[in-house]
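Student: Structure provided below as structure tokens; questions to follow.
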Amino acid sequence: MPGPRRIYLDHAASTPPLPAVVDAMARVQRESFGNPSSSHAFGPAARRALDDAREFLRGTLGAARIVFTSGGSEADQLGVVGSALARSPGRVLMAATDHPAILNCTALLSRLRHHVSVLPVTRHGDLAPETLFEALGQDVRTVALMYGHNELGTLCQLHELVELVRRAAPEAHVHVDLVQTYGKLPFDLDAFDVDSVAVSGHKFHGPRGAGFLALSSTADVHALLPAGGQEGGLRGGTENVAGAVGLAVAAEHCLTHQARTEAHTRDLADLVLARVRAALPDAECLGHPERHLPHVLSLRLPGVNGQTLMLRCDARGVAFSIGSACHGAHDDVALEHVETPAKAKKPADNPVLAAIGLDRAAAREVVRLSFSGMTTHDDAETAASILVEEALRLRAANPRPPAFGAGAR
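Count the sequence shown with my numbering and you get residues 3 to 411, in order.
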């Protein structure tokens, strides 16, 4: 007999590739399998496919250059470490809630004689402009910013933050993690006055293992993997032509439907939140209430263990997460840089939740649901009903849940 209907609400972790993406990549693998650097008859077709994809993606962000990478993590590291490598030793600024791909650059940056300052964040998980202003100075070489947070959904005040950097540290490189935002909200490098952004294909229905770093015309970045000198000398190794084509096909689709998908996913998140709060009035929505990614819903359900809730819902056909899929073996590294309030009982195991002031008990009550244009209203309705049913069953086993907001800063 067939199993239960599966509902996937973890699109912030990974999205299913579009059929058109799979078809285009398969066609490239069959017909343009030559090395793009080859001068014989099999090379030019691969080179044209690669160049066409690069030019299209460059235009989507108003970038001067595109460097293809293995994904968002490599693009983040090339943007942060590569820009620091191009400058004399100084300070690199990042936030306590940044992605592990950025926070775990600390050891390498230290070996390059740069000092890393990990800045505390607001209760919504973003950098306050005044916090960044106090940390800025002429010795700052690189500033890493996350535009849309992968776990909390908060959109940082990017215009204000970049303006502060340009005034107080005009020579600094501003790198932006755009992994959760690309394809969901409009973005232009010139409009935001940033030097580089990281993008990952599998976050917008493109291929896994493919991403890119977009650079402004004035960006100064040194290679971390020079190898054979491909990608304008910034990333060696034979190019992943099929991955580049898949990125371009996915980007064209998502950008064409961007406004409609934004409204759709926001409606779905609002629907699920309303259903949950109707049954569990003390449910807490994390992240900024107004500056927020449309497709991410992070919830704390007091008295309900998130891991248990996730497993019980998964058994009934509903998949979501309890945090970033990128947390795991390296959380201990990231946690070293997290400043937690003195009143917290024990810092959360999740460094993001620890940074916004949740203690371990409260952090274990957090789940994250994330949507895409492929998610239907029926999916959201069904998932909300199952989530509420299972949460109430778990709540019944704990008759005295913590008071609303307990453990939060």
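From the three backbone atoms N, C-alpha and C, an ideal C-beta is built for every residue, glycine too.
By DSSP's criteria, residue 157 is part of a beta bridge. Which residues make up the other side?
Tutor: For residue 157, which the question treats as bridged, DSSP gives the partners 150.
Student: Along the chain, where does the beta strand (DSSP E) containing residue 376 start, and where does it finish?
Tutor: Element bounds for residue 376: n/a, residue is neither H nor E.
Student: Of the choices 14, 246, 248 and 171, whose alpha-carbon is the least far from that of residue 325?
Tutor: Out of 14, 246, 248 and 171, 14 has the C-alpha closest to the C-alpha of residue 325.
Student: Hey, how far is the Cα of residue 67 from the Cα of residue 215?
Tutor: Straight-line Cα distance between these residues: approximately 8 Å.
Student: Would you mind working out which of 45, 261, 146 and 317 sits nearest residue 120, comparing C-alpha positions?
Tutor: The candidate whose alpha carbon is nearest that of residue 120 is 146.
Student: So does the segment 264-278 actually touch the segment 357-373, counting three or more Cβ pairs closer than 8 Å?
Tutor: Judged by Cβ distances under 8 Å, the segment 264-278 makes contact with the segment 357-373, as three or more pairs qualify.
Student: Measure how close the beta-carbons of residue 226 and residue 80 come, nearest whole angstrom, since I'm counting them as under 8 Å.
Tutor: So it is a contact: roughly 6 Å between Cβ atoms.
Student: Tell me the DSSP secondary structure of residue 108 in three-state form.
Tutor: Residue state, collapsed to three classes: helix.
Student: Between the alpha carbons of residue 244 and residue 140, how many angstroms are there, rounded?
Tutor: Approximately 43 Å, taken between the alpha carbons.
Student: Please determine if the segment 255-265 and the segment 230-247 are in contact, where contact requires at least 3 C-beta pairs separated by less than 8 Å.
Tutor: Cβ pair count under 8 Å is below three, so no.
Student: Indicate the three-state DSSP secondary structure (helix, strand or coil) for residue 187 in the structure shown.
Tutor: Coil at residue 187, not helix or strand.
Student: So, using beta-carbon positions, are residue 200 and residue 213 closer together than 9 Å?
Tutor: Contact: yes.
Student: Assuming contact is defined by CB atoms lying nearer than 9 Å, are residue 85 and residue 218 in contact in what I supplied?
Tutor: Taking 9 Å as the Cβ cut-off, residue 85 and residue 218 do not qualify as a contacting pair.
Student: Per DSSP, what kind of secondary structure is residue 231 in: helix, strand or coil?
Tutor: Residue 231 falls in the coil class under three-state DSSP.
Student: Cα separation between residue 102 and residue 7?
Tutor: In a straight line, the C-alpha of residue 102 is about 33 Å away from that of residue 7.
Student: Tell me the rounded alpha-carbon separation between residue 87 and residue 367.
Tutor: Taking the straight line joining both Cα atoms gives about 41 Å.
Student: Do you know whose CA, among 138, 304 and 290, lies nearest residue 399's CA?
Tutor: Answer by Cα proximity: 304.
Student: Can you list, in chain order, the residues of its chain whose CB lies under 6 Å from that of residue 58, leaving out five sequence neighbours each side?
Tutor: Cβ neighbours of residue 58 beyond the five flanking positions: 250.
Student: Count the other CB atoms within 10 Å of the CB of residue 202; is the residue buried (16 or more) or exposed (fewer)?
Tutor: Looking at its Cβ environment, which holds 16 or more other Cβ atoms inside 10 Å, residue 202 is buried.
Student: According to DSSP, which residues form a beta bridge with residue 48?
Tutor: According to DSSP, residue 48 bridges with nothing at all.
Student: Quick check on DSSP: helix, strand or coil for residue 322?
Tutor: Looking at residue 322 - three-state DSSP - the assignment turns out to be coil, as it is neither helix nor strand.
Student: Just how far apart, CA to CA, sit residue 310 and residue 16?
Tutor: Computed Cα separation, rounded: 22 Å.
Student: Taking only the alpha-carbon atoms, compute the straight-line gap between residue 129 and residue 296 and give it to the nearest angstrom.
Tutor: The alpha-carbon atoms of residue 129 and residue 296 are separated by roughly 20 Å.
Student: Taking the runs of the beta strand (DSSP E) that are 3 residues or longer, which of them lie wholly in the segment 249-289?
Tutor: Whole beta strand (DSSP E) segments, 3+ residues: zero.
Student: Identify every residue that forms a DSSP beta bridge with residue 216.
Tutor: Note: residue 216 sits in a beta bridge opposite 68 and 199.
Student: State the CB to CB distance for the pair residue 236 and residue 307, rounded to an integer number of angstroms; the pair is presumed to be in contact (CB under 8 Å).
Tutor: About 45 Å; that fails the 8 Å criterion.
Student: Do the segment 105-113 and the segment 32-48 make contact, defined as three or more Cβ pairs closer than 8 Å?
Tutor: The segment 105-113 vs the segment 32-48: no contact.
Student: One question on the structure: do residue 138 and residue 98 come within less than 9 Å of each other, judged by their Cβ atoms?
Tutor: Against a cut-off of 9 Å, the Cβ pair of residue 98 and residue 138 comes out as no contact.
Student: Within 10 angstroms of its Cβ, does residue 364 collect 16 or more other Cβ (buried), or is it exposed?
Tutor: Buried, because 16 or more other Cβ atoms sit within 10 Å of the Cβ of residue 364.
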